[in-house]
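Everything in the sequence shown is counted per this note's numbering, starting at 29 for the first residue and increasing by one. Cβ atoms here follow ideal geometry from the backbone N, Cα and C, with glycine treated the same way. Working notes for the structure below.
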Amino acid sequence: MRGTAGATAAEDTASGTASPPPGRREAVARAVHDGVAFLRRKVRAGELGSLPVVLVLAVVWITFQSLNANFLSPRNLSNLSVDIVGTGLIAVGIVFVLLLGELDLSVGSISGLAAAVFAVLNVTNGVPEWLALIVAVLSGTAAGTVQGYSIARTRVPAFVITLAGLLTWNGIMLAILGSSGTVNLDENGLVAKLTSYYFTNDAVAYGVAALAAGAVFAVTDLDRRRRRAVGMPHRSLRAVVVRAGGIAVIAFTAAYLLNRFQGLPLALLIFLVLVAGLDILLRHTHYGRQVYAVGGSVDAARRASLNVTWVQTSVLAVSGTMAAIGGLFLASRITSVSQSSGTGVLLINAIAAAVIGGTSLFGGRGTTWTAVLGMLVIQSIASGMAITDTPPAAQFVITGGVLFAAVVIDALSRRSQEAHGRA
C-alpha cells in the first residue's frame, strides 16, 4: 500500500498535477471561509463601504471594453482622467454638505459665476491671470459663506436657500457676461493649461505613485498607532501594509497607462492633491470630527457645545470654493465661458457622483474619495456611450438606474445600521 501510494504521488508530481499539501488546502479554505463570513457581517450590519460602487465600476469597464477594445486604451483612460476633474471637484464639495444631511443646489451656478468672473477680469479688463483666478475662487467662497451663514442662522433647509442661490448666482453670471454672452480664453494661458498640460517625463508619474503609496502607509500607520495608544480598535500592521500595497499596485498601473499616452495630466495631479488634502481635513482633524458630529445629530452636537453655526457656514463655504475651482477647470477644458456655463446636467452629475460613490443622504457617512469613485462611474458611462455610438438617452437611463440603486443601498444600509444600534 505504501509503495503504491508513493508511486502514485511520484506519478502525479511527474505529470505536474500534484495536489497541494493538506495543510495548505485547509489554510486556503479557512481564508475563503473567513473572508465570506467577514463580508456577510458587513452586509448585515450595513457597512458595505465602497464595495458596491467598485463592483459597478468594474462591470461598466468590462462591459464597454467587450463592446469596444479602445475603451481601456491609454488614450481613452487619459482623457477620462481629465474629464472627471471639473465635475469631480464640485462633487467633492457636495460631499461636505451631504455629510450634514443637507443638499447644495447652487454649485452649478457658482461654478459658472466663478468662470465668468475670471473671464471678464482677465480677457475683457486685462487683469493678470493669477489675480483674476484668485478673485474667481474667492467669489465662490463668498457665495457659499453667505448661503451657509443664512442656513445656520435661519435654520431654513439648505436646499431652499441654495435653490434661491442657484437663481441668484446664475443671474449675476449673466449680468457679468453682458450682451456678448461668450468669452474665449487664451489657449496658452494659465487656466487653459490646467487641462492641457501633461508631465511627459515618465519619472513624474511613477514618483507620484510612489509618494501616494508612501503617504497612505504613513497616514494609516499613524492612525493605527494613535488608536492603539488609547486602547481603541485598530488595524494590524499587516492590514496597513496590505492596504498600502493595494494602493501602490493601482497607482503604478495608472502611472504606466498614462505614460503610454502623454504622461501625467496636470489636472489629475491637482485633483488628487485636493481630494487627498480634504480627506485628511475630514478624517484626521478636529474640524472634520465636528462635521461628522453635526451630520450625525445637530441637537447632540449643540448639547456637546459644538459651534454648529461655524460648522454649517464653513461647510457651505468649502462647497462654494470647490464649485468655483471646478468651474475654472470646466472652462479650461473648452477654453471659453458662456451663458450656459454651470447649467445643464452639471448639478445632477455632481450630486449623483457623491451619492453613487457612497456618501449617505442621511448625513454622517462618506469621504471625499467616494466622490472620485462616483465620478469615475458617471464619466465612464459617458465615455463608453460615446465610443460605442450609443444614443445619449441611454446614458441618462443607465446613470439614473445606477443612482437609484445607490440610494436604495444607502437606505437599506441605514436601516440595517439602526437595527444593529450603529446609526
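Task: Paired residues, beta bridge with F16 - DSSP - done: What is shown of the chain runs 29 to 451, which leaves residue 16 out entirely.
Open item on the list: Rounded to the nearest angstrom, what separates S411 and V82 at their Cα positions?
Closed with: By one-based count along the sequence shown, residue 411 stands at place 383. By one-based count along the sequence shown, residue 82 stands at place 54. Answer to the nearest angstrom: the Cα atoms are 17 Å apart.
Open item on the list: With a threshold of 7 Å on Cβ separation, who are the neighbours of A329 within its own chain once the five nearest residues in sequence on each side are excluded?
Closed with: As a working mapping, residue 329 is identified with position 301 in the sequence shown. Result list for A329: A321, V322 and V336, in chain order.
Open item on the list: Please tell me whether L292 and F227 are closer than 8 Å, where the distance is taken between their beta carbons.
Closed with: Residue 292 sits at position 264 when you count from the first residue of the sequence shown. Residue 227 sits at position 199 when you count from the first residue of the sequence shown. Yes, the pair counts as a contact, with Cβ atoms nearer than the cut-off.
Open item on the list: Using CA atoms only, rank isn't needed, just tell me which of F424, L431, S388 and F432 is closest to F124.
Closed with: To locate residue 124, count along the sequence shown from 1; it is residue 96. When only C-alpha atoms are compared, the closest one is S388.
Task: Close beta carbons around G136, own chain, < 6 Å, minus the five adjacent residues each side - done: To locate residue 136, count along the sequence shown from 1; it is residue 108. These residues qualify, in order along the chain: G370, L374 and L375.
TODO: Taking the CB atoms as reference points, tell me whether A142 and A295 lie closer together than 8 Å.
DONE: To locate residue 142, count along the sequence shown from 1; it is residue 114. To locate residue 295, count along the sequence shown from 1; it is residue 267. In this structure, A295 does not lie closer than 8 Å to A142 by Cβ.
TODO: Pick out the complete alpha helix (DSSP H) segments inside the region 255-319, 4 residues or longer, and give them in chain order.
DONE: 265-287 and 294-311
TODO: Could you check what DSSP says for F390 in three-state terms: helix, strand or coil?
DONE: Taking the sequence shown and counting its residues from 1, one reaches residue 390 at position 362. Residue state, collapsed to three classes: coil.
Task: Which residues DSSP lists as bridging V365, in chain order - done: For the purposes of this step, residue 365 is taken as the residue at position 337 of the sequence shown. Beta-bridge pairing links V365 to V211.
Task: Endpoints, alpha helix (DSSP H) assigned at G372 - done: By 1-based counting over the sequence shown, the position of residue 372 is 344. Note, G372: premise wrong, no alpha helix (DSSP H); not H, not E.
TODO: Flag this pair as touching only if the region 104-111 and the region 336-346 have three or more C-beta atom pairs under 8 Å; answer yes or no.
DONE: no
Task: DSSP three-state assignment for F99, whether helix, strand or coil - done: Position 71 of the sequence shown holds residue 99. Here F99 sits in coil by DSSP.
Open item on the list: Please report the distance separating the alpha-carbon of F280 from that of P102.
Closed with: Taking the first residue of the sequence shown as 1, we reach residue 280 at position 252. Taking the first residue of the sequence shown as 1, we reach residue 102 at position 74. Going from the Cα of F280 to the Cα of P102 covers about 14 Å.
Open item on the list: Which complete beta strand (DSSP E) runs does the region 156-215 hold, if anything under 3 residues is left out?
Closed with: 210-212
Task: Residues that DSSP places opposite F227 in a beta bridge - done: What you label residue 227 is simply residue 199 of the sequence shown in a count that begins at 1. According to DSSP, F227 bridges with L292.
Task: Beta-carbon contacts of P80 that lie in its chain and below 6 Å, excluding the five residues immediately before and after - done: Taking the first residue of the sequence shown as 1, we reach residue 80 at position 52. The answer, listed in chain order, is I437.
Task: Closest residue to N229 among M413, L401 and N287 (Cα-Cα distance) - done: Taking the first residue of the sequence shown as 1, we reach residue 229 at position 201. The option with the nearest alpha carbon to N229 is N287.
Task: Own chain partners of V405 with C-beta closer than 7 Å, once the 5 adjacent residues on each side are dropped - done: For the purposes of this step, residue 405 is taken as residue 377 along the sequence shown, with counting starting at 1. Cβ within range, chain order: V81, V84, L85, V88, I384 and V430.
- [ ] Rounded to whole angstroms, what's the CA-CA distance from L159 to L202? Just pull it up for me.
- [x] Stepping through the sequence shown from its first residue, residue 159 is reached at position 131. Stepping through the sequence shown from its first residue, residue 202 is reached at position 174. Going by the C-alpha atoms only, they are around 22 Å apart.
Open item on the list: Measuring only the C-alpha atoms, how far is V319 from G168?
Closed with: Taking the sequence shown and counting its residues from 1, one reaches residue 319 at position 291. Taking the sequence shown and counting its residues from 1, one reaches residue 168 at position 140. Distance between the alpha carbons of V319 and G168 is about 20 Å.
Open item on the list: Would the region 394-403 count as touching the region 306-318 if we require 3 or more Cβ pairs under 8 Å?
Closed with: yes
Open item on the list: Let me check understanding here. Comparing Cα to Cα, which of T115, A243 and L127 lies closest to S325?
Closed with: Against the sequence shown, residue 325 aligns to sequence position 297. Minimum Cα distance to S325 is reached at L127.
Task: Contact set for E130: own chain, Cβ-Cβ below 6 Å, skip 5 residues either direction - done: The sequence position of residue 130 within the sequence shown is 102, counting from 1. Contacts found: A186.
TODO: Pick helix, strand or coil for N377, following the three-state DSSP scheme.
DONE: The residue you call residue 377 lines up with position 349 of the sequence shown. In this structure, N377 counts as helix in the three-state DSSP scheme.
- [ ] Tell me, please, whether the region 262-273 touches the region 194-211 by the rule of three or more beta-carbon pairs shorter than 8 Å.
- [x] no
Open item on the list: If the criterion is Cβ atoms closer than 8 Å, does the pair G355 and S139 meet it?
Closed with: Counting from 1 along the sequence shown, the entry for residue 355 is found at position 327. Counting from 1 along the sequence shown, the entry for residue 139 is found at position 111. Yes; because the gap between Cβ atoms is below 8 Å, this pair is in contact.
- [ ] Use the C-beta contact count for N198: other C-beta atoms within 10 angstroms, 16 or more gives buried, fewer gives exposed.
- [x] Here the question's residue 198 lines up with position 170 in the sequence shown. The residue in question, N198, is buried, as its Cβ has 16 or more Cβ neighbours within 10 Å.
TODO: Put T248 into one of helix, strand or coil per three-state DSSP.
DONE: Counting from one through the sequence shown, the residue named residue 248 turns up at place 220. Looking at T248 - three-state DSSP - the assignment turns out to be helix.
Task: C-alpha distance - G172 paired with V184, whole-angstrom precision - done: For the purposes of this step, residue 172 is taken as residue 144 along the sequence shown, with counting starting at 1. For the purposes of this step, residue 184 is taken as residue 156 along the sequence shown, with counting starting at 1. Answer to the nearest angstrom: the Cα atoms are 15 Å apart.
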